[in-house]
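Numbering (the working numbering), first residue to last: 2 to 310.
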């Protein structure tokens, strides 16, 4: 289904299909913006000192990891923290083993690829998740998607400059050690992602390429079976989450099992009516309450940063 969707969007961009006419902009414009962003990203990497191959791999890495992670997040409500996994394409195509001595391009590739794919608060990830959230909320509330697109475009074009100015002001005014989250003020990304010892063992020690492609094939097979057969119990996103380190890192197995047990009991005892009348509202209330508490706690944390206890 995903493959057919992309084929349809390409046909629409070439003027061979009238599908998806309600999108905020035409697919010709969308693909044009995507190509322009890719060229600018690559050019920036070239200016920083990358070779052409290394410069091209950086936007490809960021896009592939986060377009997949955004789908995972939209389906499950969480994400896979990729971290050192961001070096996968560089290890496959450029440096199977860390060069001795490490070169400047190697250090930049390891540091920035890991930073770009690690968490939603780093690299490009926030723009992926926030954009999809905005379109989803627009769909639920009846807001025109074209208006959402204009707002997102304006924010993406104007926010980076004041953010960097503000970040530098905070670091130089209060000091990096006093900032609660300060990834730009210390060398952990360098020592983690570009560390030769980490590079040679993550995402796997040699030989690991066959395992990499085997995982892709297995996920594809699970996706195909899940789409073709109603009785097939496994879903590709669940397959990824169950066997990723994120499931252990975030402790997702326990809440997932609890949710599954409660849902099963609710459906067995009261059927779909009990589930719809009480199960869904209770679960939604729990989520809303948790987010509300986190929001209030965040505001208090910001206040107490400037005015300590």
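For every residue, glycine included, the Cβ atom is placed at its ideal position computed from N, Cα and C.
task: Give every residue of the same chain whose Cβ lies closer than 7 Å to the Cβ of residue 237, excluding the five residues on either side of it in the sequence, and list them in chain order.
output: Around residue 237: 220, 223, 224, 227.
- request: With residue 89 as the anchor, note down where its alpha helix (DSSP H) starts and where it stops.
  value: Its alpha helix (DSSP H) spans residues 89-94.
- prompt: What span of residues does the alpha helix (DSSP H) with residue 228 cover, start to end?
  reply: Per DSSP, residue 228 is one residue of the alpha helix (DSSP H) stretching across 210-229.
- request: Compute the Euclidean distance between the alpha carbons of residue 193 and residue 91, then round it to the nearest angstrom.
  value: Our two residues, residue 193 and residue 91, have alpha carbons roughly 15 Å apart in a direct line.
- request: Within the region 109-164, note down every full alpha helix (DSSP H) run reaching 4 residues or more, in order along the chain.
  value: For the region 109-164, whole alpha helix (DSSP H) runs of length 4 or above, ordered along the chain, are 126-142, 146-159.
- prompt: Between 95, 80, 281, which lies nearest to residue 127 when the distance is taken from Cα to Cα?
  reply: If we check each option's Cα against that of residue 127, 80 comes out closest.
message: Within a Cβ cutoff of 7 Å, which residues of the same chain sit near residue 132, ignoring the five residues on either side of it in sequence?
response: Within its own chain, the residues whose Cβ lies closer than 7 Å to the Cβ of residue 132, once the five positions on either side in sequence are excluded, are 153, listed in chain order.
message: Is the separation between the beta-carbon of residue 95 and that of residue 50 shorter than 8 Å?
response: If you check the CB distance, residue 95 and residue 50 do not come in under 8 Å.
query: Excluding sequence positions up to five away, which residues of its chain have a Cβ less than 7 Å from the Cβ of residue 43?
result: The answer, listed in chain order, is 56, 57, 60.
query: Between which two residues does the alpha helix (DSSP H) harbouring residue 72 extend?
result: That run of the alpha helix (DSSP H) goes 53-77.
- request: Could you check the C-alpha separation between residue 261 and residue 175 for me, to the nearest Å?
  value: Cα-Cα distance, rounded: 46 Å.
Cα-Cα separation between residue 298 and residue 160, rounded to whole angstroms: Each residue's alpha carbon lies about 25 Å from the other.
message: Excluding the 5 residues flanking residue 201 on each side, which residues of the same chain have their C-beta closer than 7 Å to its C-beta?
response: Taken in chain order, the residues that qualify are 98, 99.
query: Is the CB-CB distance between residue 107 and residue 195 below 8 Å?
result: Going by C-beta atoms, residue 107 is nearer than 8 Å to residue 195.
- request: Consult DSSP for residue 253 and reduce its assignment to one of helix, strand or coil.
  value: Residue 253: coil per DSSP, three-state reduction.
query: Among 249, 250, 248, 281, which has the Cα closest to the Cα of residue 263?
result: Of the candidates 249, 250, 248, 281, the residue whose Cα lies closest to the Cα of residue 263 is 281.
message: Can you check whether the C-beta of residue 264 is within less than 8 Å of a C-beta belonging to chain D?
response: This model lacks chain D altogether; it includes just one protein chain.
- request: Mind checking which residues open and close the alpha helix (DSSP H) that includes residue 285?
  value: Segment 281-307, the alpha helix (DSSP H) holding residue 285.
- prompt: From what residue to what residue does the alpha helix (DSSP H) around residue 81 run?
  reply: Note, residue 81: premise wrong, no alpha helix (DSSP H); not H, not E.
Burial state of residue 203 (16 or more Cβ within 10 Å): Counting Cβ neighbours within 10 Å, residue 203 comes out buried, since at least 16 surround it.
query: By Cβ distance below 7 Å, which residues in the same chain neighbour residue 18 in space, the five residues on each side in sequence not counted?
result: So the qualifying residues of the chain are 9, 12.
message: So for residue 166, helix, strand or coil by DSSP?
response: In the structure shown, the three-state DSSP call for residue 166 is helix.
- request: Would you tell me roughly how many angstroms separate the C-alpha atoms of residue 295 and residue 62, rounded to the nearest one?
  value: The alpha-carbon atoms of residue 295 and residue 62 are separated by roughly 31 Å.
- request: With residue 239 as the anchor, note down where its alpha helix (DSSP H) starts and where it stops.
  value: From DSSP, the alpha helix (DSSP H) with residue 239 extends over 237-243.
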